[in-house]
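**Student:** Quick note: to get the working numbering, add 75 to the position in the sequence shown (first position is 1). No residue lacks a Cβ here, since even glycine has one placed at the ideal position from N, Cα and C. Pasting a structure here, questions to come.
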Amino acid sequence: MSYYFSYQRFSFGGPLTPVVKSILIACGATFILQHLAGERMLFIFGLIPRMVWNDFFLWQLVSYIFLHGDIFHLLFNLMALYMFGCELERLWGSRFFLKYFFITGIGAGICTVFFTPSLLIPTIGASGAVFGILLAYALYYPNQIVYLNFLFPIKIKYLVLIYGLLTFYFSLSGTGGNIAHIAHLGGMVFGFIYLRPRFFKSFFSHQLLKLKYMWLRRRYRMKYQDDDDKDNNDKIYH
């Protein structure tokens, strides 16, 4: 799937932010190194659940994020990270964004290890973290428009809902090819759990401010109306 992103304030991701830039460089450099080193690197740094359980290869929960299967896998994840991650980093700040990226990426890995403990095939890619970023973007900018496959406009909240349901279905049914749907779903779940206190606090604060603004507006409107009525009553007509 490919996306074209349309901002109302700035276009296609806006200026590149520091953490997103660092992640893009790290993933690109690792991809080159990965293909120079060969498949052996996948079995050391890719996420292999049985090796995590039996041999305590815990670093794989982090290292697998920066490995990718092919150029299209890499470009899809990096483009999505740029398109949606830059805006979130500007909103949250670099430190919180970096923490969120690793929490969703590692969370996706934990779900993979927990639900497929005997798997010997390496899971690789930043897709779990990217799906967590998609979820966060949908929470903060639910009505923003993306163009699915560059053709079909859809609000981001509906896109994430559809992807979440499809990912859940594929995770249960075991279909969907070699795509790690459990990791995708895990990234979204961990992202939602982590953001819930922060998001809902911000959401309800915003709603309270809106109510306060509406109340003040109505109060001043009534006050000015009373003053106008009083002035009209004081006039002398000839």
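Considering only the beta carbon of each residue, do valine 99 and leucine 173 sit closer than 7 Å?
**Tutor:** Your numbering for residue 99 matches position 24 in the sequence shown. Your numbering for residue 173 matches position 98 in the sequence shown. First, the residue type needs correcting, since residue 99 is leucine and not valine in the sequence shown. Going by C-beta atoms, leucine 99 is not nearer than 7 Å to leucine 173.
**Student:** Counting only the same chain and skipping the five closest in sequence on each side, list residues whose C-beta sits under 6 Å from that of serine 169.
**Tutor:** Here residue 169 refers to the residue found at position 94 when the sequence shown is read from its first residue. Only Pro93, Val94 meet the Cβ criterion.
**Student:** For leucine 122, which of helix, strand or coil comes out of DSSP?
**Tutor:** Counted from its first residue, the sequence shown places residue 122 at position 47. Reduced to three states, the DSSP call for leucine 122 is strand.
**Student:** Output needed for tyrosine 244: all residues of its chain with C-beta closer than 6 Å, excluding positions within five of it in sequence on either side, in chain order.
**Tutor:** Position 169 of the sequence shown holds residue 244. If we look at tyrosine 244 and ignore the five residues flanking it on each side, it has no Cβ neighbours.
**Student:** Decide if glycine 200 is buried, meaning its Cβ has at least 16 other Cβ atoms within 10 Å, or exposed.
**Tutor:** Start at 1 with the first residue of the sequence shown, and residue 200 comes out as number 125. Glycine 200 comes out buried.
**Student:** Should phenylalanine 227 go down as buried or exposed, given a rule of 16 or more other Cβ atoms within 10 Å for buried?
**Tutor:** Position 152 of the sequence shown holds residue 227. Phenylalanine 227 comes out exposed.
**Student:** Run through the segment 188 to 224 for me and flag every whole beta strand (DSSP E) of 3 or more residues, listed as ranges in chain order.
**Tutor:** Entirely contained in the segment 188 to 224, the beta strand (DSSP E) runs reaching 3 residues are, in chain order, 220 to 223.
**Student:** Can you give the Cα-Cα distance for tyrosine 79 and phenylalanine 159, rounded to whole angstroms?
**Tutor:** Start at 1 with the first residue of the sequence shown, and residue 79 comes out as number 4. Start at 1 with the first residue of the sequence shown, and residue 159 comes out as number 84. Annotation note: pLDDT 36 at tyrosine 79 (below 50); position unreliable, coordinate value reported separately. Roughly 11 Å separates the two Cα atoms.
**Student:** Decide if the segment 189 to 207 is in contact with the segment 115 to 129; the criterion is three or more beta carbon pairs, one per stretch, under 8 Å apart.
**Tutor:** Yes, they touch.
**Student:** Relative to the alpha-carbon of histidine 148, which residue among Ala183, Ala211, Gly103 has its alpha-carbon at the smallest distance?
**Tutor:** Numbered from 1 along the sequence shown, position 73 holds the residue referred to as residue 148. Minimum Cα distance to histidine 148 is reached at Gly103.
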